[in-house]
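These notes concern the structure reproduced below.
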Amino acid sequence: IFESLLNDNMSEHQLEHLVSYETIQVEDTYHGPKLRTEKMGTKFLWSLMKYYRAEGILHRKYVYKILFEMEALLKNMPSLIYIDIPSDEETLTICGDIQGQYFNLLHIFDINGFPSRKRKYLFNGNFVGKGSFSVEVALLLFAFKIVFPTKLFIARGHHETLAMCKIFGFEK
Numbered sequence: 019i020f021e022s023l024l025n026d027n028m029s030e031h032q033l034e035h036l037v038s039y040e041t042i043q044v045e046d047t048y049h050g051p052k053l054r055t056e057k058m059g060t061k062f063l064w065s066l067m068k069y070y071r072a073e074g075i076l077h078r079k080y081v082y083k084i085l086f087e088m089e090a091l092l093k094n095m096p097s098l099i100y101i102d103i104p105s106d107e108e109t110l111t112i113c114g115d116i117q118g119q120y121f122n123l124l125h126i127f128d129i130n131g132f133p134s135r136k137r138k139y140l141f142n143g144n145f146v147g148k149g150s151f152s153v154e155v156a157l158l159l160f161a162f163k164i165v166f167p168t169k170l171f172i173a174r175g176h177h178e179t180l181a182m183c184k185i186f187g188f189e190k
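Once you know that position 162 of the sequence shown is 180 in our numbering, the rest is easy, because the numbers rise by one and skip nothing.
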């Protein structure tokens, strides 16, 4: 299997079956956010933000869960989406070029509030990039998208292309 992976001979569907995050054990030494139920919620989001603020590393079990849930969510969405312009009771915050700057993302949330029933966000590309926290930014945005699927939208920018990910080391 590993030789096939190295040679890129496996299809994406075969790769999905190599990892079953449900069976991954979380070590007793891990002190980060944990999902006690199958459903991701705001409690997990707040724990994740706090943990990343302290530069913690999320356990691979939860990384896989976020990635698989995000993939399932995206597979059911059209490639072009329309975002309703908010009514007087809603706001829409449009952000671009976070570029892996986790603390800038937190600052945006501090200023504007978190995604919620009355607050929509559009992250208009380039959320990974030159910053040191591209993985953390991507995973946090994905987790928010999973919890608030109709309130947070993420568009891919040129920093999310394979070529740019290689240049800035995000691929590793």
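Cβ atoms here follow ideal geometry from the backbone N, Cα and C, with glycine treated the same way.
All values reported here derive from a predicted model rather than from experimental measurement.
Measure the C-alpha to C-alpha separation of residue i and residue j and round it to an integer number of angstroms.
| i | j | result |
| --- | --- | --- |
| residue 150 | residue 113 | 19 Å |
| residue 174 | residue 42 | 30 Å |
| residue 124 | residue 144 | 16 Å |
| residue 55 | residue 40 | 11 Å |
| residue 95 | residue 181 | 25 Å |
| residue 37 | residue 107 | 43 Å |
| residue 156 | residue 146 | 7 Å |
| residue 98 | residue 168 | 14 Å |
| residue 111 | residue 104 | 10 Å |
| residue 23 | residue 60 | Note that residue 23 has pLDDT 46, beneath the 50 cutoff, so the model's placement of it is unreliable and no number is given. |
| residue 135 | residue 44 | 33 Å |
| residue 32 | residue 129 | Reliability fails at residue 32, whose pLDDT of 49 lies under 50, so the model's placement of it is uncertain and no value is given. |
| residue 53 | residue 82 | 12 Å |
| residue 109 | residue 92 | 24 Å |
In terms of alpha-carbon separation, which member of the options lies closest to residue i?
| i | options | result |
| --- | --- | --- |
| residue 46 | 153, 77, 127 | 77 |
| residue 172 | 134, 181, 159 | 159 |
| residue 127 | 89, 117, 81, 139 | 139 |
| residue 152 | 133, 82, 115 | 115 |
| residue 137 | 166, 93, 81 | 166 |
| residue 101 | 90, 72, 122, 141 | 141 |
| residue 154 | 48, 129, 80 | 80 |
Per DSSP, which residues does residue i bridge with? Please list them.
| i | result |
| --- | --- |
| residue 110 | 138 |
| residue 158 | Note: residue 158 sits in no beta bridge, so no partner. |
| residue 170 | 139 |
Starting from the C-beta of residue i, find all residues in its chain whose C-beta is less than 6 Å away, skip the five residues before and the five after it, and write them out in chain order.
| i | result |
| --- | --- |
| residue 65 | 51 |
| residue 74 | 50 |
| residue 117 | 144, 147, 148, 149 |
| residue 133 | 139, 162, 166, 169, 170 |
| residue 87 | 164 |
| residue 48 | 77 |
For residue i, which residues from the same chain have a beta carbon less than 8 Å from its beta carbon, with the 5 sequence-adjacent residues on both sides left out?
| i | result |
| --- | --- |
| residue 161 | 58, 62, 63, 66, 84 |
Any heavy atom of the ligand PLP within a distance shorter than 7 Å of the CB on residue i?
| i | result |
| --- | --- |
| residue 112 | Looking for the ligand PLP in the displayed structure turns up nothing, as the structure carries no ligands at all. |
So residue i and residue j are supposed to be a Cβ contact under 8 Å. How far apart are they, rounded?
| i | j | result |
| --- | --- | --- |
| residue 120 | residue 69 | In fact, because the Cβ distance is near 11 Å, the residues do not count as touching under 8 Å. |
Excluding the 5 residues flanking residue i on each side, which residues of the same chain have their C-beta closer than 7 Å to its C-beta?
| i | result |
| --- | --- |
| residue 72 | none |
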